[in-house]
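Each remark here refers to the structure printed beneath this line.
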Amino acid sequence: MAAKPWLLLVSLAAGATAGVLRQAHAQPDSIGILINISINDFTTFSDASTRIGGMIHSMHMCVVHLSMVIAGFISIDCGLPGTAGYVDSTTKLWTVPDAGFTDTGSNHNISAEYTTQVPSQRYHNVRSFPDGARNCYTLSSLVAGLKYLVRTAFIYGNYDGLGLLPIFDLYIGVNFWGTVNVSSLDGYVVMEAIVVVPDDFVQVCMVNTGTGTPFISLLDLRPLKNLLYPQVNAMQGLVLLGRTNFAPGTEGVRYPDDPHDRVWAPWIDAAAFDVISTTNKVLNIDNDLFDAPSKVMQTAITPLNATKPIYFYWDSKPQLRDPTPQYVAVMYFSELQLLPNNSVREFYVNVNGELFSPGGITPDYLRSNAVYSEVPFPASARYNVTISATANSTLPPFINAFEVFSIISTTNPTTDSQDVSAIAAIKAKYRVQKNWMGDPCGPKNLAWNGLTCSYGVSIPPKIIGVNISFSGLNGDISSSFANLRAVRYLNLSHNNLTGSIPDIISQLPSLTVLDLTGNQLSGSIPPGLLKRTQDGYLNLQYGNNPDLCTNADSCKPPKGKSKHAIYIAVPVVLIVVIGLLVALFFWFMRRRKKGSTTNTVKPENETPASDVPRGDAHSPSSLQLENRRFTYSELVAITNNFERLLGQGGFGEVYSGSLPDGTRVAVKLRSQTSNPDDRQFLAEAQILTRIHHKNLVSMIGYCKDEQHMALVFEYMSEGTLHEQIVGNRSDGRCLTWRQRLRMALDSAQGLEYLHKGCNPPLIHRDVKATNILLNEKLEAKIADFGLSKAFGHVSGTQVGTNSLVVVGTFGYIDPEYYKTQTATTKSDVYSFGVVLLELVTGKPAILHDPEPTNITDWARRRLARGNIEGVVDARMQGDYDVNSVWKVAEIALKCTVQASLERPSMTDVVGKLQECLQLEELRTGDAATGSFYTGTSRDPNSGYNANSAATTASEMEHDIGWESRMDTGPVAR
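Below, the structure written as structure tokens:
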């Protein structure tokens, strides 16, 4: 492929005033810039920092190549297999494989037809990242607060044989760097940035935007002196749009001629310009701000017609993420001719008609001079540069070199350094397979799966929640957890953790929930944890650890009265009094019913909200239990001594039973290990007695007989929705799409009633496929209101219930609820969105392929590519209306967005599911039998476009931007 002229000019916002410009004569510190370069415009360069000494496979190699390793330089050949490095043929610098810098992705070679078109073997390999939203390289052993040049290159070369050109985002640390958009199979993008690194490491991350698989070819890092490029500071960095050496030839100037390893691409238009040059060394003055290499400054261009100015321009390169980019420029001048006494060379520089320098410029002989902008130019679509001689000048103008940069913000805060160290140690110890890459908490939409962070103004984010249950953790509990000083919620359940529980965990000042259920822990509970549990500060869960608390006294709280004893004693007295009042009330109600022992199940049609009794669902004094009260002996008879177990939940075990009239029932018996608080039981009973809807499981009665507590429900013969989805149907068949839609609609209507039909409204807080039951007609009903909370109506869904303990089921919990510990109706909407995805895909809420992955992330990645076939349950064999499936998938994505305000209400969901069911019924010819929702509270503008899955998914991830790269060089006129 013929070499292309590399156009260094990019859009600069024009019109700088004299007050924002400086003329510099100084020796620059090393500079880093964000740049877009074509393969043929430069050859690669590489080196290794001191940290890669351990990556050199032998001491012999280390000695042999010592002269090729530059202090602080890191040169990485991304996708190079093995651990052996090599000397780059162009720069003679040491290059290393990338295995020591990232632990995700896979290695590939570009297609053979493209290998001859690249200037170095560094471009023969790529590493691609098909999995995870963000994948990162970590470059460490840096100096915090120092400026660094970071360079990346992306050469597609049809490495995957698909011919699909990807578009993805690039981040430096937690800050957006740019969008990588490779425009052709043999195309490439090279980017450089100069930034201040706030820590002793920096991460370069590729972020999947749903428009192709991210990949990378090479990655370089070069340290710079902080004197260089004064436009760079802790608040902003520079992205290079172009860097040009006005000189003939095709070879760029780079290391070792430029000690900072910048790439200066040559350019000249022989039809318009003449070249002046010298073989003498061009010097930089002390404290030069840009440190231009002598080889670059030894050439310059001047107009062939000495009476004409120099003209060139560059165009602005907006991106979707940065529609109005801001630009700064640096222009380099050095007089290369020893002028006679009667000769004068003086010229003006204008950008879009405004002076770029305070006055006329007269460069020094064989000395590097730079004129630069300190603040961005005013925005413009095109930036025209004019260099014209002053009236006093006897010689034409010239220019030696030019750089232009856009500005990126680097103000996003990184996670608290102590938290980063702690969670990194935890990741390393357990080899957590959750795609934990980049900064743990930032940016917010890319926070690590399973982590909850707090975000404040001008303070680093801190980790306040860690959920790594079901993650295959082995070994003892790491002491690094104790360094997460702000953590409130720590869930290590259902792993293979062994050893004892470290007492140091009890010293976490903010910890309110510790879940160690389902491990192999042994020994006793540390006294500190027991004390905090006894005092009511900590919810400790440690069941299903066979070797834990084997000694009867090993897990008892310390002796002595709790400091909260007085706060407990008073409510106990009140409860006794209230209990007596309630008992009298029940006795009165039974007398009024003349001792009747028969029971009528409430009708399944919806009760008007105005008929629902008001009252606090958690106040025993307000209970109005009008359903049948059973004795424990009656329950024994009904269940035939609890013969047939149907299932088990947090409250207790559920048994099959039959009333004397033959009515099938399900008896939910409280286990002895569940919360013994009578108020909780009575509150649940009170909630259930006042809720009547055809899509809610009806309660027939209850039992409160001394220590025995139970609830009696209508029997749902077809089990749970989860069982139906996975294929445990009695007839052995797979659910049809129409059946799934009907179940989804039934469930949605039940939840809508809880949110809108109850007064006060109710939040379920544990919506999941196993809490949706089906009767013999496969009608779906919402069950298990044990976690429900009543809340007063203030302003829609923004009123929540505060709780110190986040309740729910892993995989269904709303991340905003998990973070704020405040449940709203939109928390139920999120959980229901997960259920919808289960119905569409036939897969569980948590997938293992091979690492645990939430179904929302799994589906969103595939739907973003328009791959509905790769998402929908294959067992349906294509027997569905594809638009209906798309619409349900989009509803699910809308329900599971991170921000609750952006989620639809259950009323909206019901309306959309009715539309989806209508599409399917029209396809099957059953439309006449359809029952469609006629509610009037839906937002008419809350519809879902059946063709916008990719757009919907991209809203969850990142907007797509366009790479700011130059396709042409300076243009003479």
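The sequence shown maps to residues -18 to -1, 1 to 955 in mature numbering (1 follows the signal peptide of the UniProt record, and there is no 0). Here a beta-carbon is modelled for each residue, glycine too, at the ideal position from N, C-alpha and C.
Just so you know, the alpha carbons of Leu320 and Pro345 end up roughly 12 Å apart. Between Leu348 and Val264, the beta carbon gap of about 5 Å places them in contact (Cβ cut-off 8 Å). Cα atoms of Leu703 and Ile828: separation of roughly 16 Å, rounded to the nearest angstrom.
DSSP places Cys187 in the uninterrupted beta strand (DSSP E) bounded by Phe183 to Thr193.
The three-state reading of DSSP puts Leu121 in strand, counting E and B together. The shortest C-alpha to C-alpha distance from Glu688 to any of Ser729, His746 and Tyr614 is the one to Tyr614.
Counting only the Cα atoms, Thr807 lies some 9 Å from Ser882.
Looking at the DSSP output, Leu904 shares a beta bridge with no other residue. For Cys435, the three-state secondary structure derived from DSSP is strand. For Leu286, the closest C-alpha among the options Leu377, Glu356 and Thr306 is that of Leu377. Comparing alpha carbon positions, the residue from Ile56, Asp748 and Val817 closest to Tyr799 is Asp748. Between Val221 and Ala175, the gap from beta carbon to beta carbon is short of 8 Å.
In this chain, the beta strand (DSSP E) harbouring Cys685 covers Met681 to Asp687.
Val679 is the residue among Val679, Thr532, Asp401 and Asp168 whose C-alpha sits nearest the C-alpha of Val649. Note that the C-beta distance between Thr434 and Lys801 is below 8 Å.
Closest in C-alpha terms to Asp497, from the list Arg133, Gly790 and Asp796, comes Gly790. Residues Tyr119 of the same chain have their beta carbon placed closer than 6 Å to that of Thr84, with the five preceding and five following residues left out of the count.
When secondary structure is reduced to three states using DSSP, Ser461 falls in the helix class.
Taking the Cβ atoms as the reference, Lys411 lies roughly 5 Å from Ser460, within the contact range of under 8 Å.
Under the 10 Å beta carbon count, Pro642 is surrounded by fewer than 16 other beta carbons and is classified as exposed.
For Leu474, the CB contacts under 6 Å within the same chain, skipping 5 residues up- and downstream, are Leu498 in chain order. For Lys869, the three-state secondary structure derived from DSSP is helix.
A direct Cα-to-Cα measurement between Ile682 and Glu616 gives close to 14 Å. The region 99 to 186 contains, as complete beta strand (DSSP E) runs of 3+ residues, the segments 107 to 110, 116 to 122, 129 to 137, 149 to 154, 157 to 163 and 170 to 178 (chain order).
Short of 8 Å from the beta carbon of Gln502, and not among the five residues preceding or following it, lie these beta carbons of its own chain, in chain order: Asn478, Leu479, Thr480, Asn527, Pro528 and Asp529. Cα atoms of Ser399 and Phe463: separation of roughly 14 Å, rounded to the nearest angstrom. In this chain, the beta strand (DSSP E) harbouring Glu385 covers Ala383 to Ser391. Ranked by Cα distance from Tyr365, the first of Val386, Ser809 and Ala254 is Val386. If you ignore the 5 residues before and after Arg467, its C-beta comes within less than 6 Å of no other C-beta in its own chain.
The three-state reading of DSSP puts Tyr330 in strand, counting E and B together.
In this model, Val156 and Asp202 are separated by some 18 Å (Cα to Cα).
Contact annotation: Ile445 and Val469 have beta-carbon atoms nearer than 8 Å. The three-state reading of DSSP puts Met691 in strand, counting E and B together. Asp181 places its beta carbon 8 Å or farther from that of Thr392. Under the three-state reduction of DSSP output, Phe315 falls in the strand class. In the DSSP secondary-structure assignment, Pro248 is bridged to Asn227.
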